[in-house]
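Before any comments, here is the structure.
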Amino acid sequence: MAQFNYAPTKTNLLKLRNDLKFAQQGYELLDQKRNILIIELMAMVDQTADFQNRLENALAKAYKALEETVFDMGKLKVQYLTGAVNMTTEITIRSRRVMGVSLPVIETEFTEHAPYYSPMGTSFWLDSSLGLFKEVLKLLGKLSELKISVLRLAQEVKKTIRKVNALEKIAIPGLEESVHYIQSRLEENERDMFILMKMVKGNLEKKGAKAMEKDRE
Amino acid sequence: MKYSIIGDEDTVLGFGIVGVSGKVALNADQAQRAFQAILEDNETSIIIITERVADMIRPMVDKYLFTVGFPLIVEIPDRNGTKPDRPGIKEMVNKAIGIKL
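Structure (structure tokens):
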């Protein structure tokens, strides 16, 4: 019970009213934050699901091509040739901030120095799997950006919802109750004082009337 | 900064073709060591990990997924495809925030 922590005085009343106003402002801000985050999240989730599908299809194709390559040339030879492929991927990561959550933005750049191997004695599947895996890698950059963003946003939404609920369900009602309690106690005191004053006035008037009667006698 | 991959032999081979360095992990112990090794060299900014391997070291992976740290982690299905009971991104989000999108 929140109200028993405070003595029912005017100072406390003012203080609690300020606290209440502050809590309500905080609640409004957090509520807005929550809504913005959820909108952002919703837009991203669909996009992510789409990319995930595309990646899965691309990967399935790439694995298939790799399998064919290995059937054709043998695993060992493929492994040797991976050493010959002089391709580097350079990732640049910047961050984007949404409501205080930093989300990655990933750019992938390929540096190629083709051709890597003689077309003689290598399977055509090797070329196709090279192309397909490159495709996968391109998608992966975008997908990881989206996926990480979604997970981090979800985490932040969860935290914000908890804060909003704490304010809405506990802090604000508690403060309102305290303010109400102190206010009614103060009013009660005021009425007490008022009655007391009335009684004192009445007594004084009675005494005054008696004194006047005595004077007349 | 570059990609690194942890996965089974075929996955690592496949990504090897396009110049992604990788480590083969067949059990939890190897996966953990590979993960640690990649964390220690500061060149990698995105770790590609197959779902099967990620499941072996789930707590470590989740730690990096949800915190704001580097490197970023992305899970991919391996040669045998996605596990059927794997939660999609929507389910993960629903579970995390407890509301339906």
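If you read the sequences in order, they're chains A and B. Each number in the working numbering corresponds to the 1-based position in the first sequence with 104 added. Each number in the working numbering corresponds to the 1-based position in the second sequence with 504 added. Backbone N, C-alpha and C define an ideal beta-carbon position, used for all residues, glycine too.
Neighbour list for residue i in chain B, Cβ cutoff strictly below 8 Å
{"i": "A:Thr193", "result": "Lys506, Tyr507, Val522, Gly523 and Val524"}
Neighbour list for residue i in chain A, Cβ cutoff strictly below 7 Å
{"i": "B:Leu576", "result": "Pro208, Ser248 and Ile252"}
Proximal residues of chain A, C-beta to C-beta of residue i below 8 Å
{"i": "B:Leu569", "result": "Ile252 and Leu255"}
Inter-residue Cα distance where the pair is residue i and residue j
{"i": "A:Ile142", "j": "A:Gln128", "result": "21 Å"}
{"i": "A:Lys246", "j": "B:Val516", "result": "20 Å"}
{"i": "A:Thr264", "j": "A:Gly187", "result": "49 Å"}
{"i": "B:Val578", "j": "A:Ile276", "result": "42 Å"}
{"i": "A:Leu250", "j": "A:Glu291", "result": "59 Å"}
{"i": "B:Ile513", "j": "A:Leu234", "result": "According to the sequence shown, residue 513 of chain B is Glu rather than Ile. Roughly 17 Å separates the two Cα atoms."}
{"i": "A:Leu118", "j": "A:Val202", "result": "36 Å"}
{"i": "B:Tyr507", "j": "A:Lys137", "result": "34 Å"}
Local Cβ density within 10 Å of residue i, reported as buried at 16 or more and exposed below that
{"i": "A:Val240", "result": "buried"}
{"i": "A:Met105", "result": "Its pLDDT being 46, under 50, A:Met105 is placed unreliably by the model, and the measurement read from it follows with that caveat. The residue is exposed, with fewer than 16 neighbouring Cβ atoms inside 10 Å."}
{"i": "B:Lys567", "result": "exposed"}
{"i": "A:Ser199", "result": "exposed"}
{"i": "B:Gly523", "result": "buried"}
{"i": "B:Gly585", "result": "exposed"}
{"i": "B:Gln447", "result": "Past the edges of chain B, shown from 505 to 605, lies residue 447 of chain B, and the structure says nothing about it."}
Listed by chain order, chain A residues near residue i by CB distance under 9 Å
{"i": "B:Gly592", "result": "Ala153 and Gln156"}
{"i": "B:Ile580", "result": "Leu159, Glu160, Leu163, Val240, Leu244 and Leu247"}
Short CB-CB distance (under 7 Å) between residue i and chain A
{"i": "B:Val597", "result": "yes"}
{"i": "B:Ile553", "result": "no"}
{"i": "B:Gly518", "result": "yes"}
{"i": "B:Arg583", "result": "yes"}
{"i": "B:Gly511", "result": "no"}
Minimum Cβ-Cβ distance from residue i to chain B less than 7 Å
{"i": "A:Ala258", "result": "yes"}
{"i": "A:Ile140", "result": "no"}
{"i": "A:Thr113", "result": "no"}
Residues that residue i contacts on chain B, provided the C-beta gap is smaller than 7 Å
{"i": "A:Gln136", "result": "Per Cβ cutoff of 7 Å: no residues; A:Gln136 is ~17 Å from chain B at best."}
Where residue i meets chain B, residues with beta-carbon distance less than 9 Å
{"i": "A:Ile197", "result": "Met505, Ser549, Ile550, Phe574 and Leu576"}
For the stretch 145 to 163 of chain A, enumerate the residues whose C-beta is nearer than 8 Å to any C-beta of chain B, in chain order.
Leu145, Met146, Val149, Thr152, Ala153, Gln156, Leu159, Glu160 and Leu163
Which residues of the stretch 532 to 556 of chain B have a Cβ closer than 7 Å to any Cβ of chain A? Give them in chain order.
Ser549, Ile550 and Ile552
Residues from the stretch 261 to 294 of chain A in contact with chain B, defined by Cβ distance under 7 Å:
Val261, Lys262 and Ile265
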